[in-house]
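Single-structure report; data block below.
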Amino acid sequence: MSPNFAKLFEESLKRFEAEQGSIVKGTVIEINNGTVLIDAGLKSKSAIPAEQFKNSCGELEVNVGDEVDVALDAIEGGFGETILSREKAKRYEAWQMLEKAYEQKETVVGIINGRVKGGFTVEVNTIRAFLPTSLVDIRPLNDTTHIEGKELEFKVIKFDQKRNNVVVSRSAVIESETSLKRKQLLESLQEGQEIKGIVKNLTEFGAFIDLGGIDGLLHKSEMNFEFKGQNTSPETLAKGQNIDVTVLAYDRQKTRISLTTKSPEQIHWIRTKEKFEVGHEVVGRVITIQGNCCVLRLNESAKGRFTILNDATYIEGEAVKAYIFGFDDSECLVELTLKNRATMSFSDIAEML
Numbered sequence: 008m009s010p011n012f013a014k015l016f017e018e019s020l021k022r023f024e025a026e027q028g029s030i031v032k033g034t035v036i037e038i039n040n041g042t043v044l045i046d047a048g049l050k051s052k053s054a055i056p057a058e059q060f061k062n063s064c065g066e067l068e069v070n071v072g073d074e075v076d077v078a079l080d081a082i083e084g085g086f087g088e089t090i091l092s093r094e095k096a097k098r099y100e101a102w103q104m105l106e107k108a109y110e111q112k113e114t115v116v117g118i119i120n121g122r123v124k125g126g127f128t129v130e131v132n133t134i135r136a137f138l139p140t141s142l143v144d145i146r147p148l149n150d151t152t153h154i155e156g157k158e159l160e161f162k163v164i165k166f167d168q169k170r171n172n173v174v175v176s177r178s179a180v181i182e183s184e185t186s187l188k189r190k191q192l193l194e195s196l197q198e199g200q201e202i203k204g205i206v207k208n209l210t211e212f213g214a215f216i217d218l219g220g221i222d223g224l225l226h227k228s229e230m231n232f233e234f235k236g237q238n239t240s241p242e243t244l245a246k247g248q249n250i251d252v253t254v255l256a257y258d259r260q261k262t263r264i265s266l267t268t269k270s271p272e273q274i275h276w277i278r279t280k281e282k283f284e285v286g287h288e289v290v291g292r293v294i295t296i297q298g299n300c301c302v303l304r305l306n307e308s309a310k311g312r313f314t315i316l317n318d319a320t321y322i323e324g325e326a327v328k329a330y331i332f333g334f335d336d337s338e339c340l341v342e343l344t345l346k347n348r349a350t351m352s353f354s355d356i357a358e359m360l
């Protein structure tokens, strides 16, 4: 095939494909005086307003030499020129993108830019879509100003190009994200893990805490009424409140999560206390002297304290026999006495108090 014939054949194909309304490829050959000159290989070059090549921020998206898709408005206008439109090509591309997103259940990016009866209008790549009020979020929103005018992700749930009808859903995107977060959370959750949550509901027996797609139960018995200056009780909780909790128990099979606001230190102390009983004899080793008090190491996890009497002296590491008198929850210490409670007089007890 000769070069001339090949060139004529290529041009004939372009003329055949170049029907009014079709999308053709063109090359930017000049940008000047608010216009972009496009060569689409047709009879004449076409000058298109530069505004049609700007993005939402008003920035020009093309440079000389770039190849772009344009719509053929007319092969020969009133003066014999070719009329091309980048704007119509953009709309065509937008419709193609929406159709693909609808068929493949992909998300699209749009901006809520208006209110209409029953919902909102959303601009998705120059196409106007409808967002029903019921599909704005997975929970009813009394105020939507914080999401209006911002780029958000949506799913196309209805698509009809012939009727220019596109319906989108934001709640579908949120549900997908929540489902993924829920799955990841369930896989990673461990007993003893500290996690942030939001008070979802308050009941007589406690509160349900939203941990991010899954709820956990904070029983009122696990609320930290007072511990080292902190105070969390049913009276202080409010729906929607952010709260730090610790996973107390997690049943993976039943997906049941028990929570506590007690710190790991406090939980450890509660379990430690269960190993001791008031009146029992214990033996510990001196670890420090604090003023007129001697602190003993009772086991790997527990410390005890007693008041030094009669100017007695103790050295570090010395073994001391004592009796459990009570517990200091604020300091996580076992209160001790050197006297057996069974033989203590009222004056002895009063002195310790």
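Numbering (the working numbering), first residue to last: 8 to 360. Just so you know, even glycine gets a beta-carbon here, dropped at the ideal spot from N, CA and C.
Determine the direct distance from the alpha carbon of residue j to that of residue i, and round the result to whole angstroms.
i, j, result
"Val123", "Arg135", "12 Å"
"Glu74", "Thr34", "4 Å"
"Thr295", "Ile322", "8 Å"
"Phe334", "Thr267", "21 Å"
"Arg215", "Lys310", "The residue you asked about is not Arg; residue 215 is Phe in the sequence shown. Spanning the two alpha carbons is a distance of roughly 35 Å."
"Thr42", "Glu94", "13 Å"
"Thr344", "Lys207", "47 Å"
"Phe127", "Phe161", "13 Å"
"Ala319", "Phe313", "12 Å"
"Arg263", "Asp222", "8 Å"
"Asp144", "Ile331", "57 Å"
"Ala329", "Arg189", "51 Å"
"Lys235", "Lys261", "Since pLDDT at Lys235 reaches only 44, below the 50 mark, its modelled position is unreliable, and the value read off the structure follows with that caveat. In a straight line, the C-alpha of Lys235 is about 34 Å away from that of Lys261."
"Val180", "Gly28", "35 Å"
"Leu209", "Gly219", "17 Å"
"Lys107", "Glu68", "24 Å"
"Glu184", "Leu44", "45 Å"
"Ala57", "Ala245", "55 Å"
"Glu198", "Arg146", "29 Å"
"Tyr109", "Ile164", "7 Å"
"Val31", "Gly247", "55 Å"
"Val77", "Lys97", "8 Å"
"Ala47", "Leu79", "9 Å"
"Lys61", "Ile154", "25 Å"
"Leu340", "Thr243", "27 Å"
Would DSSP call residue i helix, strand or coil?
i, result
"Tyr321", "coil"
"Glu284", "coil"
"His153", "coil"
"Ser228", "helix"
"Ser265", "strand"
"Gln297", "strand"
"Leu345", "coil"
"Glu74", "strand"
"Ser53", "strand"
"Ile315", "coil"
"Val69", "coil"
"Leu193", "helix"
"Leu79", "strand"
"Thr243", "coil"
"Lys188", "helix"
"Thr128", "strand"
"Arg7", "The requested residue 7 does not occur in the structure, where the chain is confined to residues 8 to 360."
"Ile221", "coil"
"Thr279", "helix"
"Thr133", "coil"
"Thr253", "strand"
"Thr89", "coil"
"Glu37", "strand"
Just to confirm the assignment, what range does the beta strand (DSSP E) spanning residue i have?
i, result
"Ile145", "Per DSSP, Ile145 belongs to no beta strand (DSSP E) and is neither H nor E."
"Ala309", "Ala309 -> no beta strand (DSSP E), and no H or E assigned at all."
"Leu44", "42-46"
"Thr210", "201-210"
"Ser176", "172-176"
"Phe161", "158-167"
"Lys61", "Taken as a continuous stretch (DSSP letters only), Lys61 belongs to no beta strand (DSSP E), as it is neither H nor E."
"Thr114", "114-123"
"Gly28", "Counting along the chain, Gly28 falls outside any beta strand (DSSP E), and DSSP gives it neither H nor E."
As a quick exercise: from the options, pick the residue whose alpha carbon is nearest that of residue i.
i, options, result
"Leu316", "Cys300, Lys246, Val115", "Cys300"
"Val116", "Glu110, Arg98, Arg177", "Arg177"
"Gly125", "Arg146, Ser183, Leu138, Lys282", "Leu138"
"Gly72", "Leu142, Ile36, Val285", "Ile36"
"Phe166", "Lys112, Asp76, Glu155", "Lys112"
"Ala256", "Thr243, Pro271, Lys246, Ala245", "Pro271"
"Phe212", "Ser337, Ser265, Ala81", "Ser265"
"Phe283", "Val302, Ser308, Val293, Lys269", "Ser308"
"Ala81", "Leu142, Leu49, Asn39", "Leu49"
"Ser337", "Lys280, Gly121, Ser141, Asn70", "Lys280"
"Leu159", "Ala101, Ala326, Asn120, Ser186", "Asn120"
How is the alpha helix (DSSP H) around residue i delimited, first residue to last?
i, result
"Ala101", "93-111"
Checklist entry - Are there three or more Cβ pairs, one per stretch, closer than 8 Å when the segment 43-58 is compared with the segment 88-102? => result yes
Checklist entry - For the segment 275-289 against the segment 220-231, are there 3 or more C-beta pairs whose distance is under 8 Å? => result no
Next on the checklist: Does the contact criterion of 3 or more C-beta pairs under 8 Å hold for the segment 159-171 versus the segment 188-205?
Outcome noted: no
Checklist entry - Is the segment 187-196 close to the segment 143-150, with three or more CB pairs under 8 Å? => result no
Checklist entry - If you pair each beta-carbon of the segment 246-266 with each one of the segment 277-293, do three or more pairs fall below 8 Å? => result The answer is no - the segment 277-293 does not touch the segment 246-266, with fewer than three Cβ pairs under 8 Å.
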